[in-house]
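What follows is a short report on a single structure.
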Amino acid sequence: MHKNTAAVDGLPVEVVRADLLDAVSVLEACTGAGTVFHLAGKVSAGWESDAEVHAINVIGTRNVVEACLAAGVSRLIHFSSIQALSGKDSVDEACDLVAADDASRGAYDRAKAEAERLALVAVGRGLCAVVLNPTAVLGSFDFQGSPMGEVLLALGRGKLPALVAGGNCDYVDVRDVVEGALAAERRGRRGERYILSGTRLSLVALARQWAKVTGRAAPRFAVPMGLARLAAPFAHAWARWRGQRPLFTSESLRVLRTQPPTSHRKADAELGFRPRPIDETLRDTCAWMKTQGWL
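The working numbering applies: residue 491 is where the sequence shown begins, and numbers increase by one.
Set out below in structure tokens:
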């Protein structure tokens with residue numbers, strides 16, 4: 491359960507607490523709601539147990555879906571992930587979901603795919619559900635410390651001695667994701683999915699752009715992907731021993747190494763989705779981190 495309310499403190503909103511794994515509390519939270527935005531989940535690239543990743547993402551989503559049906563919610567906006575979709579050369583909305591028994595994909599990928607199936611199957615039961623598949627999200631108001639937020643902080647503080655060479659990832663501004671979700675509430679078609687992607691960059695290129703706005707030089711050394719993969723289990727164990735979340739794991743390196751280009755043309759055409767340039771995202775993120783005293 492998230493207990494940090496810093497992101498909503500001072501806003502004209504009512505905070506209602508619920509436990510995703512407690513179907514009764516989820517139903518109570520959904521009762522009376524017109525639209526439910528289901529963003530709650532367990533993001534992991536190998537640092538959480540498979541059982542926990544499955545429970546929160548799959549059982550939690552099942553509870554949300556059942557609550558929406560029971561409460562007569564008019565629309566569910568379900569946040570899936572780009573990692574729920576298969577595809578080797580490119581990824582768009584026509585791609586199949588990752589198979590439940592695909593051992594080449596991590597527990598998070600499989601769990602998000604299974605959760606998305608639950609949302610889409612519920613459409614046939616009368617639920618007006620729309621699915622969003624964002625890529626890696628960056629931006630301000632990251633009070634809980636997302637995985638990429640921690641990487642940017644480490645870079646901005648000069649605490650990351652080296653980067654990983656090779657591989658690319660797609661990054662999207664959190665504000666663009668929010669705007670895409672609001673557009674999906676208004677214009678998204680029932681039972682459809684929409685990819686919310688932004689700018690595709692290597693980690694080295696991202697670090698260099700981040701260095702321009704922070705004034706902190708990016709690490710000069712980039713570890714070859716093969717060497718990083720060999721070191722990942724030891725880095726994971728070291729972080730665990732220190733009680734920290736590792737900055738990279740075998741699974742996060744797999745994602746970086748194998749994620750194909752993505753297309754957001756469908757979201758452009760149907761939702762009016764227009765992701766902003768990555769340099770604007772990084773500049774505003776840096777400014778916000780400075781207001782928090784983090785940089």
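Idealized CB from N, CA, C, for every residue including glycine.
Burial state of residue i (16 or more Cβ within 10 Å)
| i | result |
| --- | --- |
| V438 | Lying before the first or after the last residue shown, residue 438 is absent from the chain, which here runs from 491 to 785. |
| D599 | buried |
| D660 | buried |
| S580 | exposed |
| S594 | exposed |
| T521 | exposed |
| L720 | exposed |
| Q734 | exposed |
| S539 | exposed |
| A727 | exposed |
| E770 | exposed |
| L746 | buried |
| V792 | Because the chain is modelled from 491 through 785, residue 792 falls outside the range shown and cannot be assessed. |
Rounded distance between the beta-carbons of residue j and residue i, thought under 8 Å
| i | j | result |
| --- | --- | --- |
| I567 | F527 | 5 Å |
| V627 | A609 | Between A609 and V627 the Cβ distance is about 19 Å, and since that is not below 8 Å, they are no contact. |
| A601 | L587 | A601 to L587, Cβ: 11 Å. No contact. |
| A561 | A589 | Actually they do not touch by this definition, with Cβ atoms about 32 Å apart. |
| V654 | T625 | Actually they do not touch by this definition, with Cβ atoms about 18 Å apart. |
| P709 | L650 | 6 Å |
| V533 | A597 | No, V533 and A597 are not in contact; Cβ-Cβ is about 11 Å, not under 8 Å. |
| A612 | L559 | 7 Å |
| N623 | S570 | 5 Å |
Close beta carbons around residue i, own chain, < 8 Å, minus the five adjacent residues each side
| i | result |
| --- | --- |
| F763 | D666, E669, G670, A673, Y684, L686, H754, A757 |
| A513 | N553, E556, A557 |
| N494 | F633, Q634 |
| A725 | P736, L737, F738, T739 |
Minimum C-alpha distance to residue i - residue among the options
| i | options | result |
| --- | --- | --- |
| E760 | R679, G783, V703 | R679 |
| L645 | E504, V503, A655, L785 | L785 |
| A497 | D632, V713, S742, T739 | D632 |
| L693 | S742, E583, T625, G657 | G657 |
| D509 | V503, A530, T495, G522 | A530 |
| R698 | A718, G716, R677, A652 | A652 |
| K578 | A708, R744, L772, C618 | R744 |
| R677 | D592, L720, C618, R706 | C618 |
| I549 | V516, S576, V563 | V516 |
| P765 | V664, G681, T739, D774 | V664 |
| M779 | S630, A707, G716 | S630 |
| E682 | I546, E583, G783, L575 | E583 |
| A701 | R773, L691, G716, P637 | R773 |
| M638 | L501, L696, L717, G716 | L696 |
| G783 | G614, F711, L643 | L643 |
For residue i, the first and last residue of its enclosing alpha helix (DSSP H)
| i | result |
| --- | --- |
| A704 | Residue 704 is actually Thr in this sequence, not Ala. Element bounds for T704: 693-704. |
| L587 | First-last for L587: undefined, no H or E at that position. |
| V613 | 597-613 |
| H754 | H754 -> no alpha helix (DSSP H), and no H or E assigned at all. |
| V745 | 740-748 |
| L559 | 550-561 |
| T775 | 768-781 |
| S515 | 513-520 |
Residues near residue i in its chain [Cβ-Cβ closer than 7 Å; skip 5 each side]
| i | result |
| --- | --- |
| T704 | G646, C776, L785 |
| E675 | T525, R565, I567 |
Boundaries (first-last residue) of the beta strand (DSSP E) holding residue i
| i | result |
| --- | --- |
| D663 | 659-663 |
| R647 | Element bounds for R647: n/a, residue is neither H nor E. |
| A626 | 626-628 |
| R565 | 565-569 |
| I685 | 683-686 |
| V526 | 525-528 |
6 Å Cβ shell around residue i - same chain, five flanking residues per side excluded
| i | result |
| --- | --- |
| T551 | A605, L608 |
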